[in-house]
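Protein chains in written order, with our numbering: chain A, 1 to 325; chain B, 1 to 325. Before any comments, here is the structure.
2 protein chains.
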Amino acid sequence: MAIRIGIYGYGNLGKGVELAIAQNPDMQAVGVFTRRAPETVQTLTGVPVYSADGVLDFQDKIDIMVLCGGSSTDLPEQTPALAKYFCVVDSFDTHAKIPQHFERVNAVATASQKTAVISVGWDPGLFSLARLYGGCVLPEGNDYTFWGKGVSQGHSDAIRRIDGVADAKQYTIPVDEALSAVRRGENPTLSTREKHKRECFVVAKEGADKARIEKEIVTMPNYFADYDTTVHFISQAELNEKHGGLPHGGVVIRSGKTGGGNQHVVEYSLKLESNAEFTASVLVAYARAVYRLHAEGAYGCKTALDIPPAYLSPKSREELMKTLL
Amino acid sequence: MAIRIGIYGYGNLGKGVELAIAQNPDMQAVGVFTRRAPETVQTLTGVPVYSADGVLDFQDKIDIMVLCGGSSTDLPEQTPALAKYFCVVDSFDTHAKIPQHFERVNAVATASQKTAVISVGWDPGLFSLARLYGGCVLPEGNDYTFWGKGVSQGHSDAIRRIDGVADAKQYTIPVDEALSAVRRGENPTLSTREKHKRECFVVAKEGADKARIEKEIVTMPNYFADYDTTVHFISQAELNEKHGGLPHGGVVIRSGKTGGGNQHVVEYSLKLESNAEFTASVLVAYARAVYRLHAEGAYGCKTALDIPPAYLSPKSREELMKTLL
Numbered sequence: 001m002a003i004r005i006g007i008y009g010y011g012n013l014g015k016g017v018e019l020a021i022a023q024n025p026d027m028q029a030v031g032v033f034t035r036r037a038p039e040t041v042q043t044l045t046g047v048p049v050y051s052a053d054g055v056l057d058f059q060d061k062i063d064i065m066v067l068c069g070g071s072s073t074d075l076p077e078q079t080p081a082l083a084k085y086f087c088v089v090d091s092f093d094t095h096a097k098i099p100q101h102f103e104r105v106n107a108v109a110t111a112s113q114k115t116a117v118i119s120v121g122w123d124p125g126l127f128s129l130a131r132l133y134g135g136c137v138l139p140e141g142n143d144y145t146f147w148g149k150g151v152s153q154g155h156s157d158a159i160r161r162i163d164g165v166a167d168a169k170q171y172t173i174p175v176d177e178a179l180s181a182v183r184r185g186e187n188p189t190l191s192t193r194e195k196h197k198r199e200c201f202v203v204a205k206e207g208a209d210k211a212r213i214e215k216e217i218v219t220m221p222n223y224f225a226d227y228d229t230t231v232h233f234i235s236q237a238e239l240n241e242k243h244g245g246l247p248h249g250g251v252v253i254r255s256g257k258t259g260g261g262n263q264h265v266v267e268y269s270l271k272l273e274s275n276a277e278f279t280a281s282v283l284v285a286y287a288r289a290v291y292r293l294h295a296e297g298a299y300g301c302k303t304a305l306d307i308p309p310a311y312l313s314p315k316s317r318e319e320l321m322k323t324l325l
Numbered sequence: 001m002a003i004r005i006g007i008y009g010y011g012n013l014g015k016g017v018e019l020a021i022a023q024n025p026d027m028q029a030v031g032v033f034t035r036r037a038p039e040t041v042q043t044l045t046g047v048p049v050y051s052a053d054g055v056l057d058f059q060d061k062i063d064i065m066v067l068c069g070g071s072s073t074d075l076p077e078q079t080p081a082l083a084k085y086f087c088v089v090d091s092f093d094t095h096a097k098i099p100q101h102f103e104r105v106n107a108v109a110t111a112s113q114k115t116a117v118i119s120v121g122w123d124p125g126l127f128s129l130a131r132l133y134g135g136c137v138l139p140e141g142n143d144y145t146f147w148g149k150g151v152s153q154g155h156s157d158a159i160r161r162i163d164g165v166a167d168a169k170q171y172t173i174p175v176d177e178a179l180s181a182v183r184r185g186e187n188p189t190l191s192t193r194e195k196h197k198r199e200c201f202v203v204a205k206e207g208a209d210k211a212r213i214e215k216e217i218v219t220m221p222n223y224f225a226d227y228d229t230t231v232h233f234i235s236q237a238e239l240n241e242k243h244g245g246l247p248h249g250g251v252v253i254r255s256g257k258t259g260g261g262n263q264h265v266v267e268y269s270l271k272l273e274s275n276a277e278f279t280a281s282v283l284v285a286y287a288r289a290v291y292r293l294h295a296e297g298a299y300g301c302k303t304a305l306d307i308p309p310a311y312l313s314p315k316s317r318e319e320l321m322k323t324l325l
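Right, dumping it as structure tokens:
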């Protein structure tokens with residue numbers, strides 16, 4: 001019998017989860033749950049749409065609820081609330097608040113005898129795993145994470161809030177020289193500016209002062225002031241045509257020496273055409289793990305670091321041993 | 001109290017394990033066990049040396065035995081034999097025989113209530129993990145593994161067995177064009193020859209027929225005939241000076257599409273100055289995991305695919321959550 005999945009929230013991430021379930025024959029999408037009027041939502045593969053208000057009627061029809069809301073306001077509320085009634089998976093990615101989110105979800109899931117996995121995606125998630133394995137096998141060394149080339153939605157939003165800006169897209173880009181030095185095993189100490197640069201494509205409103213907009217961008221504290229930032233003004237048509245996607249990716253490198261003085265470089269990298277679809281695929285693989293953990297009676301909250309890798313796979317242990325080891 | 005480790009076998013790998021233990025403050029090397037006369041063996045960090053014959057006297061003094069023998073004849077015998085008395089870790093790497101080795105070790109370790117982890121290192125081991133995670137998040141895609149640039153000891157040995165050869169070193173090298181095509185997400189179908197090339201540095205005995213040696217190398221079935229192979233004749237002095245190390249490494253790539261047709265490339269790569277020291281560091285990290293699994297009563301044989309990543313780390317769950325997620 002297929003693992004029955006509910007999709008809670010239907011933005012880019014929810015759509016990605018729907019598409020990912022269709023790629024996994026051992027899973028079935030039972031329904032999309034939305035705060036919008038269900039009749040106004042059309043799913044990509046015909047999965048039925050229900051009101052989020054009625055989600056508790058589905059406790060016996062859903063094995064795992066995949067939460068597809070945002071990390072700033074949705075997930076801190078929704079994940080603990082739903083973990084009372086469902087096994088859940090989320091991609092909560094506000095790094096500094098993960099321990100607090102974990103505690104809240106863990107308390108609920110433990111009491112309700114449900115299994116929850118939080119903060120799976122690629123960072124946190126697969127990048128966390130790369131950092132863990134790298135640090136364990138090279139205890140004397142340095143960690144480096146580079147993000148991009150990719151679209152940062154938070155930075156794009158920050159530009160769009162500037163007076164006179166109609167639309168904008170911001171790319172985070174690793175600085176080549178820094179990445180090369182790390183790959184050569186040089187273990188450099190790198191400032192924020194030395195690691196990443198930022199490139200902005202901005203559509204100005206008619207008559208807006210472009211020089212002022214550019215200055216506001218490049219001097220914006222936290223977002224841009226600490227980086228070398230390039231601003232290009234383009235038309236809305238060009239923005240839509242050339243910058244419509246949400247590509248992203250990045251690199252985690254562990255560089256260190258073993259006891260005989262030999263240098264080693266471990267690198268994990270992602271090049272993603274769609275940030276949301278890839279994150280959704282990670283969520284779905286972890287939904288399978290949650291299903292198994294719950295079947296074993298492993299209740300409470302987990303992260304990617306706690307889960308045996310084989311639990312993500314639909315293949316049997318024998319098949320994995322033959323084909324992957 | 002530190003985890004007490006025994007090192008069974010003291011070649012390059014055993015020496016690497018000794019050095020790796022010195023980098024991990026939660027571990028302590030209790031002794032090296034050798035089939036040679038113990039008084040003829042001098043350890044790098046002063047770890048005492050004992051005869052392998054007396055290893056059973058150490059059942060109460062050692063938590064984990066790390067097996068450092070070879071996969072062809074040592075480990076198939078030693079791992080099951082020692083799993084009767086000790087928790088064990090090995091780096092058994094004869095891919096086709098792993099299921100059989102697993103069964104034998106699992107039967108013994110289950111009966112003796114010991115915990116065993118087999119086939120940890122980088123391939124099998126970290127590369128197996130990369131293949132697993134990649135395949136689970138991109139179920140519609142292709143796996144690619146490239147080895148090198150690095151020294152293949154099996155191929156170097158095969159050259160040394162040729163009449164007229166005094167010494168030799170063989171490098172396995174990924175073909176740049178193939179690797180680039182895979183990284184671009186082209187999902188090519190690659191023949192053996194298209195994936196790797198082989199470069200050989202050979203010291204000929206005085207008066208030996210170099211043309212004949214070269215022909216014997218490049219036409220050798222299984223080892224070289226299916227590859228583009230280059231042979232360089234050099235002096236023993238040059239071989240010692242320029243080709244004395246055992247560097248290795250490689251790349252595992254998963255390339256696939258998510259349901260919306262977007263292309264993603266996941267890459268895991270290693271650049272290792274010392275194959276043996278890096279493999280040893282992986283063994284030692286898994287020794288920590290074995291210690292914890294055994295303390296929990298998880299007996300029998302496991303592989304890297306079965307073990308929660310956090311079990312490899314000396315850090316607490318709270319610290320990992322704060323620093324890695």
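For every residue, glycine included, the Cβ atom is placed at its ideal position computed from N, Cα and C. Just so you know, these numbers come straight off a predicted model, no measurement behind them.
Determine, using beta carbons only, whether residue i and residue j come nearer to each other than 9 Å.
i         : j         : result
Lys-114/B : Val-108/B : yes
Tyr-144/B : Cys-68/B  : no
Gly-134/B : Gly-141/B : yes
Leu-219/A : Arg-198/A : First, the residue type needs correcting, since residue 219/A is Thr and not Leu in the sequence shown. Not a contact, by the Cβ cut-off of 9 Å.
His-264/B : Glu-267/A : no
Gln-170/B : Ser-191/B : no
Gly-16/A  : Ser-281/A : yes
Tyr-85/A  : Ser-51/A  : no
List, in order along the chain, the chain C residues whose C-beta lies closer than 7 Å to that of residue i?
i         : result
Met-321/A : Absent from the structure is chain C; the protein chains it does hold are A and B.
Spatial neighbours of residue i within its chain, please: CB distance less than 8 Å, with the 5 preceding and 5 following residues excluded, ordered by chain position.
i         : result
Val-41/B  : Tyr-10, Val-32, Thr-34, Val-49
Arg-131/A : Asp-143, Thr-145, Val-252, Arg-254
Gly-250/B : Trp-122, Asp-123, Phe-127, Thr-145, Phe-146, Trp-147, Gly-148, Gly-150, Pro-174, Ser-269, Leu-270
Arg-288/B : Ile-3, Asn-24, Asp-26, Met-27, Tyr-311, Leu-312, Ser-313, Pro-314
Ile-62/B  : Arg-4, Ile-5, Gly-6, Val-30, Gly-31, Phe-86
Thr-323/A : Lys-315
Pro-38/B  : Val-49, Tyr-50, Ser-51
Look at the alpha carbon of residue i and the alpha carbon of residue j, and state the distance between them as a whole number of angstroms.
i         : j         : result
Pro-247/A : Glu-273/A : 4 Å
Val-182/B : Thr-189/B : 10 Å
Phe-201/B : Val-137/B : 41 Å
Asn-240/B : Ala-168/B : 10 Å
Lys-257/A : Leu-19/B  : 11 Å
Ala-298/A : Thr-43/A  : 33 Å
Glu-318/B : Asp-226/A : 30 Å
Glu-206/B : Ser-235/B : 11 Å
Gly-244/A : Asp-157/A : 15 Å
Asn-106/A : Met-1/A   : 28 Å
Lys-302/B : Asn-275/B : 23 Å
Leu-13/A  : His-294/B : 40 Å
Thr-279/A : Gly-261/B : 14 Å
Leu-56/A  : Arg-292/A : 22 Å
Tyr-286/A : Glu-296/A : 15 Å
Less than 8 Å between the CB atoms is what I'm expecting for residue i and residue j, so what's the real figure, rounded?
i         : j         : result
Ile-98/B  : Val-284/B : About 21 Å separates the two Cβ atoms, so there is no contact after all.
Pro-314/A : Asp-26/A  : 5 Å
Asp-306/A : Ala-310/B : 6 Å
Gln-28/A  : Ile-5/A   : 7 Å
Arg-193/A : Asp-228/A : 6 Å
Pro-80/A  : Arg-104/A : 5 Å
His-95/B  : Leu-320/A : No, His-95/B and Leu-320/A are not in contact; Cβ-Cβ is about 13 Å, not under 8 Å.
Gly-300/A : Thr-110/A : 4 Å
Once the 5 residues before and after residue i are set aside, which same chain residues still bring their CB inside 7 Å of it?
i         : result
Ala-204/B : Gly-164, Val-165, Ala-166, Lys-210, Ile-213, Phe-233
Glu-186/B : none
Ile-159/B : Val-165, Ala-168, Gln-170, Cys-200, Val-202, Ile-217
Lys-242/B : none
Can you give me the Cβ contacts of residue i inside the same chain, cut-off strictly under 6 Å, excluding the 5 residues immediately before and after it?
i         : result
Phe-92/B  : Ser-71, Leu-75, His-101, Ile-118, Ser-119
Val-290/B : Ile-64, Cys-87, Val-89, Thr-115, Val-117
His-155/A : Gln-170, Tyr-223
Leu-82/B  : Met-65, Val-88
Leu-129/B : Ala-304
4-residue-minimum alpha helix (DSSP H) runs that sit fully inside the segment 121-165 of chain B, ordered along the chain:
Whole alpha helix (DSSP H) segments, 4+ residues: 126-137, 153-160.
Beta strand (DSSP E) runs contained entirely in the segment 25-111 of chain B, provided each spans 3 or more residues
DSSP runs (the beta strand (DSSP E)) wholly in the segment 25-111 of chain B: 27-34, 49-51, 64-67, 87-89.
Ranges of the alpha helix (DSSP H) found wholly within the segment 210-261 of chain A, counting only runs of at least 4:
Runs of the alpha helix (DSSP H) inside the segment 210-261 of chain A: 210-218, 236-242.
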